[in-house]
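*Asks:*
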Amino acid sequence: MSGPSTFVPKSALGRWFESRLPIMGLIHGSFVAYPTPRNLNYWWAFGAILSFMLVAQIITGIVLTMHYTPQVDLAFSSVETIMRDVNWGWFLRYAHSNGASMFFVAVYVHMFRGLYYGSYKAPREVLWILGVIIYLLMMATGFLGYTLPWGQMSFWGATVITNFFSAIPLVGEAVTTWLWGGYSVGNPTLNRFFALHYLLPFMIAGVVVLHVWALHVVGQNNPAGVEVKNVDRDTVPFTPYATIKDSFAVVCFLILYAWFVFYVPNYLGHADNYIEANPLSTPAHIVPEWYYLPFYAILRAIPSKLGGVTAMFGSIAILAFLPWLDTSRVRSAAFRPMYRVFFWAFVLCCLGLGYLGAQPAEGGYIIAARLLTTFYFGFFIIILPLLGIFETPKPVPATIADAVLAKNGGVAAQPAE
Amino acid sequence: MTVRQCSQSQAGRSKGVTVTTAKSSVAASVEPTRRDFLFIATGAAGAVGVGAVAWPLISQMNPDASTLAMASIEVDISAVALGSIMTVKWRGKPVFIRHRTPKEIQEAADVVVATLPDPQTDKARVQKPEWLVVVGICTHLGCVPIGQAGSRGDYDGWFCPCHGSQYDTSGRIRRGPAPKNLEVPTYSFLSDTKLKIG
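Top to bottom, those sequences are chains A and B.
Going by my numbering, the first sequence opens with residue 1, and the numbers climb by one from there.
Going by my numbering, the second sequence opens with residue 1, and the numbers climb by one from there.
#1: Three or more C-beta pairs under 8 Å: does that hold for the segment 280-293 of chain A against the segment 151-163 of chain B?
#2: Residue 435(A) versus chain B: which residues are under 8 Å apart at the beta carbon?
#3: For residue 40(B), which three-state DSSP category applies?
#4: Give, in chain order, every unbroken run of the alpha helix (DSSP H) that is at least 4 residues long and sits entirely within the segment 256-342 of chain A.
#5: From the DSSP secondary-structure annotation, give me the bridge partner or partners of residue 175(B).
#6: From the DSSP output, in three-state form, read off residue 103(A) for me.
#7: Would residue 51(B) pass as an interface residue toward chain A - the criterion being a Cβ-Cβ separation below 8 Å?
#8: Assuming residue 228(A) and residue 95(A) make a contact with CB atoms under 8 Å, what is their CB distance in whole Å?
#9: Please report the distance separating the alpha-carbon of residue 292(A) from that of residue 120(B).
#10: Determine which residues share a DSSP beta bridge with residue 135(A) and list them.
#11: Residue ranges of each alpha helix (DSSP H) run of no fewer than 4 residues wholly in the segment 344-417 of chain A, ordered along the chain?
#12: Just tell me which of 37(B), 60(B) and 87(B) has its CA closest to the CA of residue 197(B).
#13: Can you list, in chain order, the residues of its chain with a C-beta nearer than 8 Å to that of residue 185(B)? Leave out the 5 residues immediately preceding and following it.
#14: Who are the neighbours of residue 304(A) on chain B, taking C-beta pairs under 9 Å?
#15: List the residues of chain B that residue 424(A) touches, going by C-beta distances under 7 Å, in chain order.
#16: Rounded to the nearest angstrom, what separates residue 155(A) and residue 189(B) at their Cα positions?
#17: Going along the chain, which residues of its own chain have a beta-carbon closer than 6 Å to the beta-carbon of residue 147(A), five neighbours each way excluded?
#18: What does DSSP give as the partner residues of residue 194(B) in its beta bridges?
#19: Please give me, in chain order, every unbroken run of the alpha helix (DSSP H) with length at least 4 that falls completely inside the segment 126-186 of chain A.
#20: Name the DSSP beta bridge partners of residue 132(B), please?
#21: For the segment 357-368 of chain A, list every residue whose C-beta sits within 7 Å of some C-beta in chain B, in sequence order.
#22: To the nearest angstrom, how far is the alpha carbon of residue 109(A) from that of residue 393(A)?
#23: Compute the distance between the beta-carbons of residue 190(A) and residue 72(A), then report whether it is under 8 Å.
#24: Counting only beta-carbon separations shorter than 8 Å, does residue 115(B) have a partner in chain A?
#25: Helix, strand or coil, according to DSSP, for residue 156(B) in the structure here?
#26: Is any beta-carbon of chain A found at less than 8 Å from that of residue 86(B)?
#27: Taking the straight line between their C-alpha atoms, what separation do you get for residue 357(A) and residue 376(A)?
#28: Within 10 angstroms of the Cβ of residue 110(B), are there 16 or more other Cβ atoms? Answer buried if so, exposed if not.
#29: Can you tell me where the beta strand (DSSP E) holding residue 137(B) begins and where it ends?
#30: Identify the contact partners of residue 102(B) in chain A, using a Cβ-Cβ distance below 9 Å as the criterion.
#31: Compile a chain-ordered list of the residues in the segment 118-142 of chain B whose CB is closer than 9 Å to at least one CB of chain A.
#32: When we look at the beta-carbon of residue 57(A) and count the other beta-carbons within 10 Å, is it buried (16 or more) or exposed?
#33: Among 222(A), 309(A) and 351(A), which one has its Cα closest to the Cα of residue 397(A)?
#34: Given this structure, state the Cα-to-Cα distance separating residue 355(A) from residue 70(B), to the nearest angstrom.
#35: So which residues of chain B does residue 160(A) contact, with C-beta pairs closer than 8 Å?
#36: Identify the residues that DSSP records as bridge partners of residue 189(B): which are they?
Following this line, the structure appears as structure tokens:
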């Protein structure tokens, strides 16, 4: 969609530089002149919110490493030092730990938006898959980071999650020992988790660049789910329209973020993590961070170790196949009456699994988790392929401009051409 | 492609021998050329080199010499009263040393082995029936099972709080997601009251 840049710098110095490294033209073409569909709603602002959160996490994270010690005897107290002695340390740590939660809030909204409006369909499959990779890297980063304070939940969360790999037939034990650097989670584990926790955000940033690149090749999807046909009628320039709208959305999101940081900074955490790690005593009730709960529920729903671990990883991996599992030619759920119902059922299913992941693994909770796990996979493997065949979509507008004008009272508002 | 590049470059060097090189390059398309050999040899040396450099990078993550050196411990078990369990730390993991009562030994022996998820007789798991020594790590996902008197689960052994696995008085898995019995470490009795683990 963005053709060769027509950007010409105003100053002589700018032109001199541009002819040697056309970076200003790249920025201008990507974030100023770039045409965005004129019908984007606020659900499209979460890409910008996520970019903001990534930068916020990297900055607060780098600052925290200046005070943190990745050693089993010192890690817990160094975090307490950050909380009590370091200037603004409490703020930096709460901003970082709640920032992770906010990052996941935003990414889940972003993913469900893609799911609702069919943003994964051709020609955006690679864009979508890059997103799934970013999500996986985020989950790994979040897990590694949660280990660092070396509290009870850190230690036992790390133990349970690294033990997933022991489910691999034949080499499982060797792989787990290799990950630990010992016979259990210990100092080598903490040390390497710290190194990887520092590395992965930059890998995320790298994949984000690919994600944005792929986005700018195929163009943004939009609530009508129809491609841009006429750039003049269907789009508006990124600046000022998207820039200002995204900035406003970021500010609104910051209100939520700030509320957590300043008013309920420990609401999303666990009290057990303020007890230093003890390898000889498991807390009575181990629960992962909230953003992993649906997958944790799937893990526990399967009464077999290898089966549970496979189902859990499979529930994430299946997202990468979504572009080919959904057989409908219509993108947006706005024109898919049956899909819309199943979409909301799927949202409820994920929320339900999240709730069950936080409950003890017994009795009725297990049965409910099994039903919802079945629906989760059924949504992808059975419902989506069949819907494309049996569903009769509503008429789709011919162009984005038509969709906007139909919504805003018809032809009267149509600009003269 | 190699053949064409070869004949072109040689043709460029000396026009007089163009005909003969063209002839030899026809033969070369059947038989590998010296250039093919060099390509494969370079590629192979490169792959071996990358592998050789990658190995230390991968191996450094395995347990180091100091971790391996802590591999065995000695424990005095004279203070473990009948019916109670002592927990010691070995290789960073808890090891349960359980002084079993005759009733508990009987329970462990009475089980029909074939009905177990991980069939093993009690005899195969102990050296002296009154002493059970097992690694206190649930074979599901690595939590420490609970064995305090009064909360020893449905089979009088251990109960894992994480995902509900139930172990019996021989440390065998009876119910729940754990696939295996609690691991029996390598150990030996140095005397009646001294145990060496590892």
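Beta carbons: idealized from backbone N, C-alpha and C, even for Gly.
*Replies:* Once the coordinates are examined:
#1: yes
#2: As shown, chain A starts at 1 and ends at 417. That puts residue 435(A) outside it, with no answer to give.
#3: Of the three classes helix, strand and coil, the one that applies to residue 40(B) here is helix, per DSSP.
#4: 293-301, 305-317 and 322-325
#5: Under the DSSP definition of a beta bridge, residue 175(B) partners with 166(B).
#6: Here residue 103(A) sits in helix by DSSP.
#7: no
#8: Actually they do not touch by this definition, with Cβ atoms about 38 Å apart.
#9: 36 Å
#10: Bridge pairing for residue 135(A): absent [DSSP].
#11: 363-378, 384-390 and 400-407
#12: 87(B)
#13: Excluding sequence neighbours, residue 185(B) sits near 90, 95, 133, 134, 135, 197 and 198.
#14: 177 and 179
#15: As displayed, chain A neither begins before 1 nor continues past 417, which places residue 424(A) out of reach and without an answer.
#16: One Cα belongs to residue 155(A), the other to residue 189(B), and the distance between them is close to 33 Å.
#17: 154, 158 and 193
#18: 76(B)
#19: For the segment 126-186 of chain A, whole alpha helix (DSSP H) runs of length 4 or above, ordered along the chain, are 152-163 and 172-180.
#20: In DSSP, residue 132(B) forms a bridge with 98(B).
#21: Within the segment 357-368 of chain A, the qualifying residues are 361 and 362.
#22: Between residue 109(A) and residue 393(A), the C-alpha separation is close to 25 Å.
#23: yes
#24: no
#25: strand
#26: Cβ-Cβ to chain A under 8 Å: no for residue 86(B).
#27: 14 Å
#28: Label assigned to residue 110(B): exposed.
#29: No beta strand (DSSP E) contains residue 137(B), which DSSP labels as neither H nor E.
#30: What residue 102(B) touches in chain A: nothing, since even the nearest Cβ is about 28 Å away.
#31: 136, 137, 138, 139, 140, 141 and 142
#32: buried
#33: 222(A)
#34: Inter-residue distance for residue 355(A) and residue 70(B) is about 42 Å (C-alpha atoms, whole angstroms).
#35: 141, 142, 143 and 162
#36: According to DSSP, which records beta bridges pairwise, residue 189(B) is partnered with 195(B).
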